[in-house]
Amino acid sequence: AGMGVAEVATEVAGMFVGRDTNIQNVLRSQFDESFEDFDSPEDPTPLTPHPTEAGCHVLELYHGPSGSAADVWAGPMSALLRFQMKRRRGRLTAIIPAASPRALRAWRPLLGEAEEGWESHVAAFALLPVTSRNQGEVGEEARSAEHQLFLVADEKQIANVALETALNSKSRRQYGATLLDSSNVGSVVFSLAHIIHAYLKLHPEADKEVSIAVDAGDYTQASAAYYARRMGLPIRRIFVAAPDAGGAESDIALERLPHEFCGRDP
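Under my numbering, the residues of the sequence shown are numbered 1 to 266, in order.
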């Protein structure tokens, strides 16, 4: 109780990178910085009472630089990737499918404000619809990526191209390729941190059950809620409202659940 989002994110990330005090301090500082462009850096994801439903609260995920839910995990994940690359002296090929140049704002901590020497560790490929270029929408965010590829494709098709490239075993081994979107498990890790933080705001003693409802198509949050329950958070039910055609994100994220239900058998 009383922990901020960055502090909770540091604890969650510690499960993957270790709990060495020096590492924790560096990550905490970088996670704090990842929320600096939010409307309220001290409380980047406000939890507000529902105006008509008693006992219901809304976790607001749209106060970041791009106005999308991706901001709440893209910034911390960028910080973690930068930290890991420097620590391991490795290289990263980042493939970022984006519906528009504006969507790349969530990745500014990784793309647009690289520290001296960091540029030699990461190559970023932004996949964008050709309509963005034709309509003159390409701005500073898109140009900050080292390479911009404009495809004659819609958002779902671009996501599929990115997924096929990132999942190619040769691409992963030879170029250190990873997909930076909601299919990356990092998005679930940091969405998990926001859910835990929101729960502790409501119930500091962690003594009451809650149910979580997720809006249409956002299976990243649903996956995060599922893992939060497995970790012991008293979540009774998880509700997901989605259209019949959930899109590429839904298909990718839902694959995590059969994996869990089958005992994580690959």
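Glycine included, every Cβ here is placed at the ideal spot set by N, Cα and C.
Values in this document were obtained by computation on a predicted structure and should not be read as measured data.
Compare the C-alpha of residue i against each of the options and name the closest.
i: alanine 159; options: Pro65, Ala70 and Ile96; result: Ile96
i: glutamine 271; options: Val130, Met3, Pro46 and Arg87; result: No answer is possible for residue 271: it lies beyond the span of the chain, which begins at 1 and ends at 266.
i: leucine 127; options: Ser191, Gln24, Ala98 and Leu179; result: Ala98
i: serine 187; options: Ile196, Ser169 and Thr220; result: Thr220
i: arginine 28; options: Asp181, Gln148, Ala206 and Ala6; result: Ala6
i: arginine 87; options: Pro41, Val17 and Gly67; result: Val17
i: asparagine 184; options: Leu200, Trp73 and Asp207; result: Trp73
i: phenylalanine 190; options: Asn168, Leu81 and Arg91; result: Leu81
i: isoleucine 212; options: His147, Ile238, His203 and Leu151; result: Ile238
i: glutamate 42; options: Val161, Pro204, Asp207 and Met3; result: Met3
Going by DSSP, what residue range makes up the beta strand (DSSP E) through residue i?
i: histidine 197; result: No beta strand (DSSP E) contains histidine 197, which is instead part of the alpha helix (DSSP H) from 185 to 202.
i: leucine 59; result: 57 to 59
i: alanine 213; result: 210 to 214
Only counting the same chain, and skipping five residues up and downstream in sequence, which positions put a Cβ closer than 6 Å to that of residue i?
i: serine 34; result: Gly75, Pro76, Ala79 and Pro109
i: proline 51; result: none
i: threonine 93; result: Ala123, Tyr175, Gly176 and Ala177
i: phenylalanine 38; result: Pro44, His63 and Gly64
i: proline 46; result: Glu60
i: valine 284; result: The first residue shown for the chain is 1 and the last is 266, placing residue 284 beyond what the model contains.
i: proline 234; result: Glu209
i: alanine 198; result: Leu47 and Leu59
DSSP has residue i in a bridge; who is on the other side?
i: phenylalanine 125; result: Ile95 and His147
i: alanine 177; result: Thr93
i: valine 240; result: Val214
Helix, strand or coil, according to DSSP, for residue i in the structure here?
i: leucine 233; result: coil
i: alanine 79; result: helix
i: leucine 47; result: strand
i: glutamate 249; result: Annotation note: pLDDT 47 at glutamate 249 (below 50); position unreliable, no value reported.
i: methionine 15; result: helix
i: valine 130; result: helix
i: alanine 70; result: coil
i: glycine 112; result: Confidence is the limiting factor: at glycine 112 the pLDDT is only 48, short of 50, which leaves the residue's position unreliable and the question unanswerable from this model.
i: tryptophan 7; result: Inspection of the sequence shows that residue 7 is occupied by glutamate rather than by tryptophan. Three-state result, glutamate 7: helix.
i: valine 152; result: coil
i: tryptophan 118; result: Note that tryptophan 118 scores a pLDDT of 49, beneath 50, so its modelled location is shaky and nothing firm can be said.
i: alanine 206; result: coil
i: serine 40; result: coil
i: threonine 220; result: helix
i: tyrosine 62; result: coil
i: glycine 2; result: coil
i: alanine 225; result: helix
Answer with yes or no whether the minimum CB distance from residue i to chain B is below 8 Å.
i: alanine 222; result: Included in the structure is just one protein chain, with no chain B present.
Hey, quick one: how far does the alpha helix (DSSP H) through residue i stretch, first residue to last?
i: leucine 163; result: 155 to 166
i: leucine 27; result: 21 to 34
Can you give me the Cβ contacts of residue i inside the same chain, cut-off strictly under 7 Å, excluding the 5 residues immediately before and after it?
i: leucine 192; result: Val12, Ala224, Tyr227 and Ala228
i: threonine 48; result: His57, Val58 and Glu60
i: phenylalanine 83; result: Val26, Leu27 and Gln30
i: threonine 21; result: none
i: alanine 54; result: none
Please return the same chain residues whose Cβ sits closer than 8 Å to the Cβ of residue i, not counting the five positions on each side in sequence.
i: glutamine 24; result: Thr10 and Gly14
i: leucine 149; result: Phe125, Ala126, Leu127 and Leu128
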